[in-house]
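Student: Sharing a structure below in structure tokens format, with a few things to ask.
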Amino acid sequence: MKNLRRILDIAGDHSKHLYGSIILSALSAILMLFPYFSIYQLITLSSAGQVSVNVLKKYGALALGGIIFGIITYFVALWLSHMAGFRVEKNIRKYGINQLLKISLSFFDNEESGAIRKTIDDNASLTHSFVAHNIPDIVRSVVGPVIILGSIFMINWFYGVLIVAIVIVSLYLLKKMMGNTNDMTHYMDALDEMNSASTEFIRGIALVKLFAVPLTVFKKFRASITNYAQWALNYSFSARRAYVINQIVLELFPLLLVFTLSKRAMNADHFAGALFCLLVSSQVVLLLIKVMYIGENLTLAMQALDRVDNMFVKHQTTPPSESLSTIPADFANDRLSFENVTFSYDSKKTALENISFDISPQRMTVIVGASGSGKSTVARLIIGAYKNYTGRIFIGKTEIKNLTENQLMSHITYVSQNSRLFSRSILENLQIANPNASTQQIDQALKKACCEDLIAKLPKGLETLLGEDGIYLSGGEQQRLALCQAFLSASQIVILDEVTASIDTENESQMQLAISKLAAEKTLIVIDHKLKITKDAAQVLVFDQGKLVESGTHKELVSRNGKYREMIRMHEQTQQWKLGEGK
Ligand SMILES: Nc1ncnc2c1ncn2[C@@H]1O[C@H](COP(=O)(O)OP(=O)(O)OP(=O)(O)O)[C@@H](O)[C@H]1O
Ligand SMILES: [Mg+2]
1 MKNLRRILDI
11 AGDHSKHLYG
21 SIILSALSAI
31 LMLFPYFSIY
41 QLITLSSAGQ
51 VSVNVLKKYG
61 ALALGGIIFG
71 IITYFVALWL
81 SHMAGFRVEK
91 NIRKYGINQL
101 LKISLSFFDN
111 EESGAIRKTI
121 DDNASLTHSF
131 VAHNIPDIVR
141 SVVGPVIILG
151 SIFMINWFYG
161 VLIVAIVIVS
171 LYLLKKMMGN
181 TNDMTHYMDA
191 LDEMNSASTE
201 FIRGIALVKL
211 FAVPLTVFKK
221 FRASITNYAQ
231 WALNYSFSAR
241 RAYVINQIVL
251 ELFPLLLVFT
261 LSKRAMNADH
271 FAGALFCLLV
281 SSQVVLLLIK
291 VMYIGENLTL
301 AMQALDRVDN
311 MFVKHQTTPP
321 SESLSTIPAD
331 FANDRLSFEN
341 VTFSYDSKKT
351 ALENISFDIS
361 PQRMTVIVGA
371 SGSGKSTVAR
381 LIIGAYKNYT
391 GRIFIGKTEI
401 KNLTENQLMS
411 HITYVSQNSR
421 LFSRSILENL
431 QIANPNASTQ
441 QIDQALKKAC
451 CEDLIAKLPK
461 GLETLLGEDG
471 IYLSGGEQQR
481 LALCQAFLSA
491 SQIVILDEVT
501 ASIDTENESQ
511 MQLAISKLAA
521 EKTLIVIDHK
531 LKITKDAAQV
541 LVFDQGKLVE
551 SGTHKELVSR
561 NGKYREMIRM
571 HEQTQQWKLG
581 EGK
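Each residue of the sequence shown is one higher than the last, beginning at 1 in UniProt numbering.
As structure tokens, this is what we get:
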């Protein structure tokens, strides 16, 4: 009931359409019973010899009118429920998008974008079809049998009891027809397993073609199909006995009724009553069966909103412990410091352990370290994506735990490892970083980010639509434009996470030039494993397995015999291997 209330709330103004649909569906169920009522009346009257042409016409018109108006009201009811259904679907999507806007950035580290879309889409359309189709059907399937049973009881209580008994037996058998719950769980698990194996299969086809290997490598997919087939069979078999008995019970009922009648003295009233019961009894059971089938959708629809909510629950933005409504406008021009910061994503492993460092404003700090050493985690903590760390992080005198993610993000630009451009024009993509940027500012930013040659190559320059007419930018080109976005943004602090990762040597030197220009304007934190940029840095922080093992300038670090020197040595070795390859 609580969830139904929520669906009505989500329908907003359109909830009155839903109420209208419920009333009209009930009316339609009543109208559709008129033919049965007419037949009953005609038989009763005919036994009393009171059927004239006019009487026939009257009841004929009543029956026909009932059917016609019953169909019309049902269509109007469906139209109203669809209006409400579409509104509910739209509002659930809106709700999902609003949640996405509010949710912490940490959410996107942990959830696949495909899965997020599927959860919102599936549950929105499930709720739509429940509201649009199932609600009118449920109303009809409940109102119909109630009226039919009521009238049967009025005609003859014995038939009433008989039908109630049959309905109870049938409902019991229907429950049995749901099969063995254990088999059902296995069946659902096997279905899930087969679905995920099929996704892996589709993703893997390109690889299979590349290596020209037979499809039999997808043993897991094959096994999942066989397993699913087995459980589908087991489950169906577990339901077969109840199914067959139920069919027999339903078919036997009219026979039973006729048999009962034959045992009694058949007067006209009895005959009319029996015939009416015979005609309508099958309706009762059929409508109740419909309710049972709709019941499954009901459960799913009632849980749909919870499922959307549950997806977000783990990553609600932690409200600042001590909320600061105003922060000094130039606070981000101050130093950024970590004081004994320890953090783990989960209880299993510590991602950062007792980290302390100071980052000077308007200087470049480069963070280096092996994969998984915690570099990106440092960035995620600075942007406030996770607040459950111990220790303290300051920007100036402000502890960042006291700021909301939005407050922080308006002073920090984070170009992540996975930054992507949208399928819009390049200009629109750049304007995301600063919607008010003038043409002059954009030109300057392009120049500073060394992107002029990149734009000149494109057919329509800044107006070129990405993703259209076969125009796609390489990973490196996209990263260069991301750097341009960093120049355009008003944030004083910029974090670049592996922006040179997918860049060739020629692009790399341009990128380095751009990065050093950026360092002159902003507090720049560069996460990089190529170790070329470190020479220009005011400070290099060396991470290893979640610990800050060394810090200093490139020169200082090289003069020590530590981790950094070891990294440089290994890096140079790989460079030489590359040079030696052709010899
Ligand atoms: N969302 C997450 N949930 C759980 N653990 C995570 C998550 N993100 C990262 N980790 C773990 O935290 C540790 C540090 O990860 P991080 O992404 O900071 O490494 P990194 O130094 O940036 O590596 P790379 O150079 O590969 O980007 C790793 O052991 C990683 O497995
Ligand atoms: Mg990383």
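Even glycine gets a Cβ: it sits at the ideal position worked out from N, Cα and C.
(1) Just the Cα atoms here: how many angstroms apart are residue 274 and residue 78?
(2) Say whether the stretch 477-487 touches the stretch 444-451, bearing in mind that this needs 3 or more beta-carbon pairs closer than 8 Å, one atom from each stretch.
(3) Would you call the CB atoms of residue 331 and residue 396 closer than 8 Å?
(4) Buried or exposed, going by whether 16 or more other CB atoms sit within 10 Å of the CB of residue 168?
(5) Following the continuous alpha helix (DSSP H) through residue 64, name the residue where it begins and the one where it ends.
(6) Pull up the distance between the alpha-carbon of residue 57 and that of residue 35, whole angstroms please.
(7) Quick one: what's residue 547 bridged to in DSSP?
(8) Could you pull the DSSP bridge partners for residue 414 from this structure?
(9) Report buried or exposed for residue 567, applying the criterion of at least 16 other Cβ atoms within 10 angstroms of its Cβ.
(10) What do you reckon, are the CB atoms on residue 565 and residue 557 nearer than 8 Å?
(11) Relative to the C-alpha of residue 293, which residue among 271, 401, 518, 130 is closest?
(12) Go ahead and label residue 368 buried or exposed: buried means 16 or more other beta carbons lie within 10 angstroms of its beta carbon, across all protein chains shown.
(13) Residues with a Cβ closer than 7 Å to any heavy atom of ligand 2, in chain order?
(14) In the DSSP assignment, what are the bridge partners of residue 369?
(15) Measure the alpha-carbon distance for residue 583 versus residue 574 and round it to whole angstroms.
(16) Just list the residues that DSSP pairs residue 358 with in beta bridges.
(17) For residue 187, I'd like the list of residues in its chain whose CB is within less than 7 Å of its CB, leaving aside the five on either flank, ordered along the chain.
(18) According to the Cβ coordinates, are residue 414 and residue 456 closer than 8 Å?
(19) When you measure from the CB of residue 110 to every non-hydrogen atom of ligand 1, does any distance come out below 7 Å?
(20) Is any non-hydrogen atom of ligand 1 found closer than 7 Å to the C-beta of residue 346, if you look at the structure I gave you?
(21) Exposed or buried, what is residue 304 when buried is set at 16 or more other beta-carbons lying within 10 Å of its beta-carbon?
(22) Given a cut-off of 8 Å on the beta-carbon distance, is the pair residue 166 and residue 55 in contact?
(23) Have a look at 355, 363, 505, 180 and flag the residue whose alpha-carbon is nearest the alpha-carbon of residue 381.
(24) I need the DSSP call for residue 422, collapsed to helix, strand or coil.
(25) With DSSP run on the structure shown, which of helix, strand or coil describes residue 12?
(26) I'd like to know whether the C-beta atoms of residue 418 and residue 489 end up nearer to each other than 8 Å.
(27) Measure the CB-CB distance between residue 33 and residue 73 and report whether it falls below 8 Å.
(28) Please list, in chain order, all residues of the same chain as residue 496 whose beta carbon is under 6 Å from its beta carbon, the five residues on each side excluded.
(29) With H, G and I counted as helix, E and B as strand and the rest as coil, what does DSSP make of residue 215?
(30) Which complete alpha helix (DSSP H) runs does the stretch 167-241 hold, if anything under 4 residues is left out?
(31) Look at the Cβ atom of residue 289, then the Cβ atom of residue 174, and state whether they are nearer than 8 Å.
(32) Is residue 461 a contact residue of ligand 1, with contact defined as CB to any heavy atom under 7 Å?
(33) Is it true that the stretch 437-449 meets the stretch 470-477, where meeting means three or more beta-carbon pairs spaced less than 8 Å apart?
(34) Alpha carbons only, please: which of 149, 115, 162 is nearest the one belonging to residue 199?
(35) Taking 7 Å as the cut-off, is the C-beta of residue 372 nearer than that to any heavy atom in ligand 1?
Tutor: Inspection of the coordinates gives the following:
(1) Residue mapping note: residue 274 aligns to position 274 of the sequence shown, counting from 1. Residue mapping note: residue 78 aligns to position 78 of the sequence shown, counting from 1. Each residue's alpha carbon lies about 34 Å from the other.
(2) yes
(3) In the sequence shown, residue 331 corresponds to position 331, counting from 1. In the sequence shown, residue 396 corresponds to position 396, counting from 1. Yes. Within cutoff.
(4) To locate residue 168, count along the sequence shown from 1; it is residue 168. So residue 168 counts as exposed.
(5) By 1-based counting over the sequence shown, the position of residue 64 is 64. It spans 53-102 - the alpha helix (DSSP H) in which residue 64 sits, taken as one unbroken run.
(6) On the sequence shown, position 57 is the one that residue 57 refers to. On the sequence shown, position 35 is the one that residue 35 refers to. Near 13 Å, if we compare the C-alpha coordinates of residue 35 and residue 57.
(7) Walking along the sequence shown from the start, residue 547 turns up at place 547. According to DSSP, residue 547 bridges with 544.
(8) The count along the sequence shown starts at 1 and reaches residue 414 at position 414. 495.
(9) Mapped onto the sequence shown, residue 567 falls at position 567. The residue is buried, with at least 16 neighbouring Cβ atoms inside 10 Å.
(10) Taking the sequence shown and counting its residues from 1, one reaches residue 565 at position 565. Taking the sequence shown and counting its residues from 1, one reaches residue 557 at position 557. Against a cut-off of 8 Å, the Cβ pair of residue 557 and residue 565 comes out as a contact.
(11) Taking the sequence shown and counting its residues from 1, one reaches residue 293 at position 293. Of the candidates 271, 401, 518, 130, the one whose C-alpha sits nearest the C-alpha of residue 293 is 130.
(12) Numbered from its first residue, the sequence shown carries residue 368 at position 368. Residue 368 should be labelled buried.
(13) 375, 376, 417, 497, 498, 527
(14) Numbered from 1 along the sequence shown, position 369 holds the residue referred to as residue 369. 543, per the DSSP bridge assignment.
(15) Here the question's residue 583 lines up with position 583 in the sequence shown. Here the question's residue 574 lines up with position 574 in the sequence shown. Confidence at residue 583 is low in this model, with a pLDDT of 42, below 50, so the placement of that residue is unreliable and no value is reported for it.
(16) As a working note, residue 358 is residue 358 in the sequence shown. In DSSP, residue 358 forms a bridge with 337.
(17) One-based indexing of the sequence shown puts residue 187 at position 187. Taken in chain order, the residues that qualify are 231, 232, 235.
(18) Numbered from its first residue, the sequence shown carries residue 414 at position 414. Numbered from its first residue, the sequence shown carries residue 456 at position 456. Their beta carbons are not under 8 Å apart, which means residue 414 does not touch residue 456 by this criterion.
(19) Here the question's residue 110 lines up with position 110 in the sequence shown. Flag set: Cβ of residue 110 near ligand 1.
(20) By one-based count along the sequence shown, residue 346 stands at place 346. Under cutoff, so the answer is yes.
(21) Within the sequence shown, the letter at position 304 stands for residue 304. It counts as buried.
(22) Position 166 of the sequence shown, counting from 1, holds the residue named residue 166. Position 55 of the sequence shown, counting from 1, holds the residue named residue 55. No. Outside cutoff.
(23) In the sequence shown, the residue the question calls residue 381 occupies position 381. Considering only alpha carbons, the answer is 355.
(24) Position 422 of the sequence shown, counting from 1, holds the residue named residue 422. Coil.
(25) To locate residue 12, count along the sequence shown from 1; it is residue 12. In this structure, residue 12 counts as helix in the three-state DSSP scheme.
(26) As a working note, residue 418 is residue 418 in the sequence shown. As a working note, residue 489 is residue 489 in the sequence shown. Cβ atoms of residue 418 and residue 489: not closer than 8 Å.
(27) By one-based count along the sequence shown, residue 33 stands at place 33. By one-based count along the sequence shown, residue 73 stands at place 73. No, the Cβ-Cβ distance between residue 33 and residue 73 is not below 8 Å.
(28) The residue you call residue 496 lines up with position 496 of the sequence shown. Here the set comprises 415, 526.
(29) In the sequence shown, the residue the question calls residue 215 occupies position 215. Correct three-state label for residue 215: helix.
(30) 181-210
(31) Here residue 289 refers to the residue found at position 289 when the sequence shown is read from its first residue. Here residue 174 refers to the residue found at position 174 when the sequence shown is read from its first residue. Their beta carbons are under 8 Å apart, which means residue 289 touches residue 174 by this criterion.
(32) Here the question's residue 461 lines up with position 461 in the sequence shown. Because no heavy atom of ligand 1 lies under 7 Å away, the Cβ of residue 461 does not count as near it: no.
(33) no
(34) To locate residue 199, count along the sequence shown from 1; it is residue 199. Here the closest residue by C-alpha is 115.
(35) Numbered from its first residue, the sequence shown carries residue 372 at position 372. At least one heavy atom of ligand 1 is nearer than 7 Å to the Cβ of residue 372, so yes.
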